[in-house]
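Numbering (this note's numbering), first residue to last: 473 to 957.
Backbone N, C-alpha and C define an ideal beta-carbon position, used for all residues, glycine too.
Notes follow the structure.
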């Protein structure tokens, strides 16, 4: 890996982080908040910008990025942004422990939404806005934004795109990397703006509407309220957020094609149909089970569907919003919720998880093997859309899923000594590796991660990064070949 070009891009990344921090400080100052809040953001912004300027000056003659450099930028960029973004939490006194502050920031940057702040109502608005912004910029990846505004990256920018964009496949729908990045951000920002207006029509104040729009389209789940979306107690708000969480869990390239009038491509996409099919199946089964369990307590069909649809969309898209305590749902639904967390959204979306495209391909491969068992001479390709997949692609997908489950197991074993029970440990690892946020038991939707010691938070922070960057990007750093020139 060549350190000079890597840290040149990171300098620009830190510059963006510093400017956004400064903007949050200005918001805090204009709202007349205590000096501790806006000065914490101002000092953090100044320090981050100073580091960015020094790094930029020292690396001005950097050459173009290679593929290995792209992987380095993604991983080290996220770490640097997480460290810089944690400073305002500590300086403002909102989070006392530096390790906890880094956990909160990485949780935002990776769009996980796991939090260590027990009560949000007393947190200054400038800090809450910064917290929401960490998810907005993490949603499509800070590095995509950087590529879009840095023409010097050139063709090497595609390496950043490959490393950063989540999912098993990448639709290169524009010929140049900068054009693709700008297009993705254009769709992203447009959906954020529409959501802000719709939430405002639903009675939310501008601040709540903006913050929840940031974290919805990022599938992040940070809220401005301790009770999350349940605090608004609005069927309209929940319906709007359910729709936009699902939109955020769909490949953004499909949204772009839809806006260009290519609606047929949107509806014909096999991964999208599978994604919506799984959601619809869960909504139907969940509504039936939840209504059956709570009808005696007065829960009607409409109320059951409202709760199940919102929770299903929230967990499957790895957003992590909550309108109630799904940890109290019937035992039959809890394994299904964990499966939704692991499944995740579509490739090319802001969602985490394994991705429905990979699971869909694996299921097709299983069906093929069963058919070949009965008809050994048959030639039965496994297709993604209309394109047959080579066996090495199938092995790659299988390898990813097995590695994902192996990392989950190792994370669980590592976390067990730091939490009170195995249920908390397992679901915390699932929630962080899949970038969901809330899990069950001690880290359920009405709880938080504050009680976990710093060593446990460090394990979960690493899992959030590994999950967000799709395993190989981070694990490649531990291969000796990566560091050879």
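query: Spatially closest choice to residue 868 from 831, 902, 848, 886, by CA coordinates; result: 831
query: CB of residue 512 within 8 Å of CB of residue 555, strictly; result: no
query: Residue 628 in three-state terms, based on DSSP; result: Any reading at residue 628 must be qualified, since the residue scores a pLDDT of 41, below 50, and its modelled position is unreliable; the value itself is stated next. Reduced to three states, the DSSP call for residue 628 is helix.
query: 8 Å contact criterion, which residue 744 and residue 726 should meet: CB distance rounded; result: 6 Å
query: Buried versus exposed call for residue 801 [16 or more other C-beta atoms within 10 Å across all chains shown]; result: buried
query: Residue 875 vs residue 943 beta-carbon contact at 8 Å; result: yes
query: Straight-line gap, residue 606 to residue 689 (C-alpha atoms, nearest Å); result: 12 Å
query: Cβ shell of residue 573 (< 6 Å), same chain only, five flanking positions each side left out; result: 558, 561, 562, 567
query: Where residue 859 sits in the DSSP three-state scheme; result: strand
query: Classification of residue 533 by the beta-carbon crowding that lies within 10 angstroms, buried from 16 upward; result: exposed
query: At least 3 beta-carbon pairs within less than 8 Å: the stretch 817-827 vs the stretch 781-801; result: yes
query: Straight-line gap, residue 486 to residue 845 (C-alpha atoms, nearest Å); result: 55 Å
query: Coarse secondary structure for residue 818, derived from DSSP in three states; result: coil
query: Euclidean distance between Cα positions of residue 923 and residue 593; result: 19 Å
query: contact_flag[the stretch 580-590, the stretch 507-524] where n(CB pairs < 8 Å) is 3 or more; result: no
query: Outcome for residue 602 when other beta-carbon atoms lying within 10 angstroms are tallied against a minimum of 16; result: buried
query: Of the residues 899, 729, 495, the one placed nearest residue 521, counting alpha carbons only; result: 495
query: As assigned by DSSP and simplified to three states, the class of residue 621; result: With a pLDDT of 34 at residue 621, under the threshold of 50, the modelled position of that residue is not reliable, and the figure given next carries that caveat. Three-state DSSP puts residue 621 in a helix.
query: Check: residue 781 C-beta below 7 Å from any heavy atom of the ligand HEM; result: With respect to small molecules bound, the structure shown includes none, and the ligand HEM cannot be examined in it.
query: Start and end residues, alpha helix (DSSP H) containing residue 480; result: 475-502
query: CB contact flag (residue 885, residue 586, <8 Å); result: no
query: Between the CA atoms of residue 733 and residue 898 - distance to the nearest angstrom; result: 44 Å
query: Inter-residue CB distance, residue 777 and residue 828 (contact presumed, cutoff 8 Å); result: Incorrect: roughly 22 Å between the Cβ atoms, too far for contact.
query: Alpha-carbon spacing of residue 551 relative to residue 538, whole angstroms; result: 20 Å
query: Straight-line Cα distance separating residue 911 from residue 565; result: 27 Å
query: Anticipated Cβ contact below 8 Å, residue 505 with residue 590, distance rounded; result: Residue 505 to residue 590, Cβ: 20 Å. No contact.
query: Chain-order list of residues whose beta-carbon lies under 7 Å from that of residue 779 (same chain, five-residue window excluded); result: 762, 795, 796
query: Within 8 Å, strictly: CB atoms of residue 901 and residue 880; result: yes
query: Assumed close pair residue 721, residue 817 - CB separation to whole angstroms, cut-off 8 Å; result: 3 Å
query: Closest residue to residue 516 among 859, 675, 491, 613 (Cα-Cα distance); result: 491
query: Start and end residues, alpha helix (DSSP H) containing residue 607; result: 597-611
query: Endpoints, alpha helix (DSSP H) assigned at residue 528; result: 507-530
query: DSSP-derived helix/strand/coil call for residue 743; result: helix
query: Of the listed residues 728, 701, 696, nearest to residue 656 (C-alpha basis); result: 728
query: Reference residue 599; option with closest CA among 570, 696, 662, 651; result: 696
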